[in-house]
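2 protein chains.
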Amino acid sequence: MMRQAGRYLPEYRAVREKSDFLTLCKTPELAAEVTIQPVDLVGVDAAIIFSDILVVPEAMGMELVVEEGKGGPQFPTPLANDADVAKLDTQGAADKLQYVYDALALTKKQLDGRVPLIGFAGAPWTLASYAIEGKGSKLYRKIKGLMYDQPGMLHDLLKALADVISVYLVRQVKQGGADIVQIFDSWGGVLSKDAFLEFSLPYMIQIIEHVKSETDVPVILFAKGVNTSYPELANSGADVVGLDWTVDIGEVRAQIGNHVALQGNIDPIALYSRPENIHNEVRGILESYGNHPGHIFNLGHGIDKDTPPEHAKSFIRSVKEMSEELYRTGEIEERKEWNATV
Amino acid sequence: MMRQAGRYLPEYRAVREKSDFLTLCKTPELAAEVTIQPVDLVGVDAAIIFSDILVVPEAMGMELVVEEGKGGPQFPTPLANDADVAKLDTQGAADKLQYVYDALALTKKQLDGRVPLIGFAGAPWTLASYAIEGKGSKLYRKIKGLMYDQPGMLHDLLKALADVISVYLVRQVKQGGADIVQIFDSWGGVLSKDAFLEFSLPYMIQIIEHVKSETDVPVILFAKGVNTSYPELANSGADVVGLDWTVDIGEVRAQIGNHVALQGNIDPIALYSRPENIHNEVRGILESYGNHPGHIFNLGHGIDKDTPPEHAKSFIRSVKEMSEELYRTGEIEERKEWNATV
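For the record, the sequence lines run as chains F and P. Quick note: the first sequence, position 15, residue 18 per this note's numbering, numbers continuous. Quick note: the second sequence, position 54, residue 57 per this note's numbering, numbers continuous.
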């Protein structure tokens, strides 16, 4: 579950009470502790390292402020011009993120092979949006202003981010032992298709190619809200394409063929509903998906902070029970080769 | 342009200074004045009646509060249970909206045939979301809670809204003289495809069927963010399907065939950029659309409040000049039959 190590768990909140968000990200012992919580408590099949996508621009030299309840993380001094972009540290940034590799390595050791460990990074477009807007945005006026009127500056920034993220993900694998890495383009969905294909996807492809050239781990690509470019996402070189909850997963499978796995895609808000209704939603998605290879069941976005933990557990139980029932009755075939890869 | 009568125009702000938002909606002389402003000032090819989608739940008995700069319109007492839904006035609501028909009729008279006049209503799903959440929402937890756990109550509410909207739109045509009506589903995009097909689309189809049985005006259906259901939208009975800016209009045309017109779909934020770049964006959309019948050029969402009016004019000029250039050079054929209808 995306954002599975988080505020909906009382055990997470207990750790967070003793340290602020960024300290938690930067203290491997604490990050490992909360990363493993949902494995023990909720029964998920993989651990996702506890971290934040914005540590990358921070490592490149931007001041990052996270004050919970104050409208999300912020860069108080967003990038304003070419000189600001040129000043970003692309050479030393991956080194400054050593605490992430250490957190992964410690988590991996503590997991002791129970479940795979997923590393991640934000996509260049999403990180550039934060770096330019300074915070979450409704209209993305500043970065879209660059896109239309100063595309050169924006491309320079995206390239700098892609370079750093490429090294960052490889080191998550080589130093941290991540078994899979995921790229999150949280804000690609605010773009026209043309703009997505010019300003977001090529930089994700650059990262994927670098990860693939340096490691042998699968790559998951999740571009939330990008429901207009599945064929392009499926041909990005990623092994898995994540889907948000708005699309019918069976239709996407039919549209793109079987050469990548799909991840998704129950509406996270469904987890507030009664367990029998969660169960029905899970059934609907499994039935739509049908007997195709390569499905990682997941939410279509991060689990919400007030979700009852019992419901999260119930959701995981539903997925596991129903999958096994479908294997048993022969409605879907268990495919070892896909299980082995993703 | 969606929201073309609005805050980006100094002439609109001058009228608004003298009366609050709802008074403006409810005073036919003022509504007509601001409705006609963009026709005179910006050069658009149609007038859209100045109103608000939330006047419908208000006419059904809900208190509506619009305080600008305070996070948008609110229903301070949202619907909480079956009894609240049962209390809604479905019989008298369309009568209470007489001021809208009067505003349309006065606008029609003042336009004197210069351009067609568009009436509109919010979709049942979108209005239900406001009525249940009480205001704009990020997660739609309350209405999604109903959807999963009390679908009967939600269907009752959606049916009540669809009944009222059906009569409301017919009277916009018969009493107000609207030449076209548009249904806006601003929030259909937060739903899974299954949920959209159960809780939103059928009620819009009910409305379209009613309008079609009582009038001969074309119907435009715009479901913002619903990029997963173009074939279903194209088969809704609507004459025109509106597209937001995230999708490639040529790809949608190829997907659904030629039996409905398409409306859209430049990113409204592009109108902040330099006129030559707006021009390039317009060209990209016209080229993607190609030589198919039935294109209403429009924004992919409402014009933003700080858009420079000169840029809006420049956008309209670009669309007109480039369309005429394409006709002249024979790259697209002028189709009188479509022009006559939509």
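Think of the CB as a built atom: it goes at the ideal place given N, C-alpha and C, for glycine as much as any other residue. It should be emphasised that the depicted structure is a prediction, and the values quoted were computed from it without experimental measurement.
Practice prompt. Under 8 Å by Cβ, that's how I've got D88(F) and M156(F) pegged, so tell me the actual separation to the nearest angstrom.
Written response: Taking the first residue of the first sequence as 1, we reach residue 88(F) at position 85. Taking the first residue of the first sequence as 1, we reach residue 156(F) at position 153. Position check: residue 88(F) holds Val in this sequence, whereas Asp was assumed. Contact annotation, V88(F) with M156(F): C-beta distance approximately 6 Å; criterion of less than 8 Å satisfied.
Worksheet item: Residue range of the alpha helix (DSSP H) that Q40(P) falls in?
Response: Here residue 40(P) refers to the residue found at position 37 when the second sequence is read from its first residue. Element bounds for Q40(P): P31 to L44.
Practice prompt. Scan the segment 248-263 of chain F for residues whose Cβ lies nearer than 8 Å to a Cβ of chain P and list them as they occur along the chain.
Written response: Taking 8 Å as the Cβ-Cβ cut-off against chain P, the residues of the segment 248-263 of chain F that qualify are W248, T249, V250, D251 and E254.
Discussion item. Against chain P, does A273(F) count as a neighbour if the rule is that its beta carbon must be under 8 Å from one of theirs?
Written reply: One-based indexing of the first sequence puts residue 273(F) at position 270. At least one chain P Cβ lies under 8 Å of A273(F).
Discussion item. Would N342(F) pass as an interface residue toward chain P - the criterion being a Cβ-Cβ separation below 8 Å?
Written reply: Stepping through the first sequence from its first residue, residue 342(F) is reached at position 339. Legend: pLDDT at N342(F) = 42, less than 50; position of this residue unreliable, no value from coordinates given.
Worksheet item: Residue range of the beta strand (DSSP E) that I269(P) falls in?
Response: Here residue 269(P) corresponds to residue number 266 of the second sequence, with the count starting at 1. Here the beta strand (DSSP E) through I269(P) covers A264 to I269.
Discussion item. Just to confirm my understanding: we take N342(P), look at its own chain, exclude 5 residues before and 5 after, and list those with CB closer than 7 Å. What are they?
Written reply: Mapped onto the second sequence, residue 342(P) falls at position 339. Low local confidence applies: a pLDDT of 42 at N342(P) is under 50, so the model's placement there is unreliable, with the coordinate-based value given in what follows. If we look at N342(P) and ignore the five residues flanking it on each side, it has no Cβ neighbours.
Practice prompt. Drop a sphere of 10 angstroms on the beta-carbon of F24(P), count the other beta-carbons inside from all chains shown, and report buried for 16 or more, exposed for fewer.
Written response: Counted from its first residue, the second sequence places residue 24(P) at position 21. The residue in question, F24(P), is exposed, as its Cβ has fewer than 16 Cβ neighbours within 10 Å.
Practice prompt. Indicate whether at least one CB of chain P lies closer than 8 Å to the CB of K227(F).
Written response: Taking the first residue of the first sequence as position 1, residue 227(F) is located at position 224. Any Cβ of chain P closer than 8 Å to the Cβ of K227(F) would place that residue at the interface, and such an atom is absent.
Worksheet item: Can the beta-carbon of I299(P) be found closer than 8 Å to that of I252(P)?
Response: For the purposes of this step, residue 299(P) is taken as the residue at position 296 of the second sequence. For the purposes of this step, residue 252(P) is taken as the residue at position 249 of the second sequence. Contact annotation: I299(P) and I252(P) have beta-carbon atoms that are not nearer than 8 Å.
Worksheet item: With respect to the beta strand (DSSP E) encompassing V244(P), which residues constitute its N-terminal and C-terminal limits?
Response: For the purposes of this step, residue 244(P) is taken as residue 241 along the second sequence, with counting starting at 1. Judged by DSSP secondary structure, V244(P) falls within the beta strand (DSSP E) whose first and last residues are V243 to G245.
Worksheet entry | Per-residue burial, R256(F) [other beta carbons within 10 Å of its own, 16 or more giving buried] | Position 253 of the first sequence, counted from the first residue, corresponds to residue 256(F). By the neighbour-count rule (16 or more Cβ atoms within 10 Å), R256(F) is buried.
Worksheet item: Ordered along the chain, which non-local residues of its own chain (more than five positions away) have a Cβ less than 8 Å from that of Y206(F)?
Response: Walking along the first sequence from the start, residue 206(F) turns up at place 203. Listed in chain order, the non-local C-beta contacts of Y206(F) below 8 Å within the same chain comprise A126, P127, W128, L161, K162, L164 and A165, local neighbours out to five positions each way being set aside.
Discussion item. Is there a Cβ of chain P sitting closer than 8 Å to that of R144(F), yes or no?
Written reply: As a position in the first sequence, residue 144(F) is number 141, starting the count at 1. Among the CB atoms of chain P, one or more fall inside 8 Å of the CB of R144(F).
Worksheet item: Are at least three pairs of beta-carbons, each pair with one atom in the segment 27-45 of chain F and one in the segment 75-92 of chain F, less than 8 Å apart?
Response: Under the 8 Å Cβ criterion, the segment 27-45 of chain F does not count as touching the segment 75-92 of chain F, having fewer than three qualifying pairs.
Worksheet item: Can you name the residues that DSSP bridges to Q185(F)?
Response: Against the first sequence, residue 185(F) aligns to sequence position 182. Residue pairing of Q185(F) in beta bridges, as defined by DSSP: F123(F) and I223(F).
Worksheet item: Candidates I135(P), P60(P), G245(P) and W248(P): which alpha carbon is nearest D85(P)'s?
Response: Position 82 of the second sequence holds residue 85(P). If we check each option's Cα against that of D85(P), I135(P) comes out closest.
Worksheet item: Closer than 8 Å, CB to CB, is S326(F) near chain P or not?
Response: In the first sequence, counting from the first residue as 1, residue 326(F) sits at position 323. Using beta-carbon distances, S326(F) does not count as an interface residue toward chain P, since no partner is under 8 Å.
Worksheet entry | Span separating the alpha-carbon of N294(P) from that of E313(P) | Sequence index remark: in the second sequence, residue 294(P) carries index 291 (1-based). Sequence index remark: in the second sequence, residue 313(P) carries index 310 (1-based). Near 29 Å, if we compare the C-alpha coordinates of E313(P) and N294(P).
Worksheet item: Listing by chain order, which chain P residues have their CB less than 9 Å from the CB of L194(F)?
Response: Taking the first residue of the first sequence as 1, we reach residue 194(F) at position 191. Those are W248, T249 and D270, listed as they occur along chain P.
Worksheet item: List, in order along the chain, the chain F residues whose C-beta lies closer than 8 Å to that of K231(P)?
Response: Counting from one through the second sequence, the residue named residue 231(P) turns up at place 228. Checking the displayed sequence, the identity of residue 231(P) turns out to be Thr instead of Lys. The contacting residues are N230, T249, V250, D251 and E254.
Worksheet item: Relative to chain F, which residues along the segment 134-162 of chain P have a C-beta separation below 7 Å, given in chain order?
Response: Of all residues in the segment 134-162 of chain P, those with a C-beta nearer than 7 Å to a C-beta of chain F are L142, Y143, R144, K147, G148, Y151 and D152, reading in chain order.
Discussion item. Spatial neighbours of A35(P) within its chain, please: C-beta separation below 7 Å, excluding the five flanking residues on both sides.
Written reply: For the purposes of this step, residue 35(P) is taken as the residue at position 32 of the second sequence. Excluding sequence positions up to five before and after A35(P), its CB lies within less than 7 Å of the CB of A106, L109, T110 and Q113, all in the same chain and listed in chain order.
Worksheet entry | Any chain F beta carbon closer than 8 Å to M4(P) | Mapped onto the second sequence, residue 4(P) falls at position 1. For M4(P), the nearest beta carbon of chain F is not closer than 8 Å to its own beta carbon.
Discussion item. The ligand MN and P41(F): does any heavy atom of the ligand fall closer than 7 Å to the residue's C-beta?
Written reply: This structure lacks the ligand MN, and indeed carries no ligand of any kind.
Worksheet item: Mind pulling the chain F residues with CB within less than 7 Å of N280(P)?
Response: For the purposes of this step, residue 280(P) is taken as residue 277 along the second sequence, with counting starting at 1. Those within 7 Å of N280(P) in chain F are Y151 and D152.
Worksheet item: Which first and last residues belong to the alpha helix (DSSP H) in which H298(F) is found?
Response: Taking the first sequence and counting its residues from 1, one reaches residue 298(F) at position 295. DSSP places H298(F) in no alpha helix (DSSP H) but in the uninterrupted beta strand (DSSP E) bounded by H298 to L302.
Worksheet item: In three-state DSSP terms, what is I51(P)?
Response: The residue you call residue 51(P) lines up with position 48 of the second sequence. In this structure, I51(P) counts as strand in the three-state DSSP scheme.
Worksheet item: How do the segment 227-247 of chain P and the segment 257-269 of chain F stand: do at least 3 beta-carbon pairs fall below 8 Å, yes or no?
Response: Short answer: they don't touch.
Worksheet item: When DSSP labels each residue in this structure, what does A134(F) get in the three-state scheme?
Response: Residue 134(F) sits at position 131 when you count from the first residue of the first sequence. Helix at A134(F).
Worksheet item: Can you find a CB in chain P that lies within less than 8 Å of the CB of G333(F)?
Response: One-based indexing of the first sequence puts residue 333(F) at position 330. Taking Cβ atoms only, chain P never reaches closer than 8 Å to G333(F), which makes this a no.
Worksheet item: Buried or exposed: E290(P), going by 16 or more other Cβ atoms within 10 Å of its Cβ?
Response: Stepping through the second sequence from its first residue, residue 290(P) is reached at position 287. By the C-beta density criterion, E290(P) is exposed, having fewer than 16 other C-beta atoms within 10 angstroms.
Discussion item. Under 8 Å: do the segment 138-152 of chain P and the segment 54-67 of chain P share three or more Cβ pairs, one atom per stretch?
Written reply: Taking a cut-off of 8 Å for Cβ pairs, the segment 138-152 of chain P and the segment 54-67 of chain P do not touch, as fewer than three such pairs fall below it.
Practice prompt. Could you list which residues in chain P have their beta carbon closer than 8 Å to that of D188(F), in chain order?
Written response: Taking the first sequence and counting its residues from 1, the one referred to as residue 188(F) is at position 185. Below the 8 Å Cβ cutoff, chain P contributes no neighbours of D188(F), its closest Cβ being approximately 13 Å away.
Item to complete: Taking only the alpha-carbon atoms, compute the straight-line gap between G75(P) and R144(F) and give it to the nearest angstrom.
Response: What you label residue 75(P) is simply residue 72 of the second sequence in a count that begins at 1. What you label residue 144(F) is simply residue 141 of the first sequence in a count that begins at 1. Roughly 20 Å separates the two Cα atoms.
Worksheet item: What are the start and end residues of the alpha helix (DSSP H) that includes N294(P)?
Response: Your numbering for residue 294(P) matches position 291 in the second sequence. Per DSSP, N294(P) belongs to no alpha helix (DSSP H) and is neither H nor E.
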